[in-house]
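Participant:
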Amino acid sequence: MEDTLNNSRLLSMVIIILQISYVLSFLLLIYRDDIYGKFVICTLINTVSLLLSMYNLKIKSNKRLILLFITMFEIVSTVYIYMIPEAGVPALITL
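The sequence shown runs 1 to 95 under my numbering.
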């Protein structure tokens, strides 16, 4: 039981660190001209965070749902920022 508790805390801390790194990478890379690089970095962080959050649901951690919702919000915001056109301005990344 103690090992599961320690593993869930460690996993929660890793997810929180990934979410903080997403916000910092978005804020620090906002002035770079390489749109595709920023998109790839944000997508990789979101994907790893989502996978860990899904695994965290199996462990039954206390913060599992809030971490999953924050990860989902980050994914939606990444898609909105980079892939959806706005007010006649074309999307930054087109498929």
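Positions of the beta carbon are idealized from the N, C-alpha and C atoms, including for glycine.
Going by CA-CA distance only, name the one from N62, R64, I45 that's closest to L24.
Facilitator: The residue with the shortest Cα to Cα distance from L24 is I45.
Participant: If you draw a straight line from the C-alpha of L27 to the C-alpha of K58, how long is it?
Facilitator: About 32 Å.
Participant: To which residues of the same chain is S53 closer than 8 Å at the C-beta, ignoring the five residues directly before and after it?
Facilitator: I15, R64, L67, L68, T71.
Participant: For my contact list, L50 and I75 are in at a C-beta cut-off of 8 Å; report their separation, rounded to the angstrom.
Facilitator: That belief holds up - the Cβ atoms of L50 and I75 are roughly 7 Å apart, short of 8 Å.
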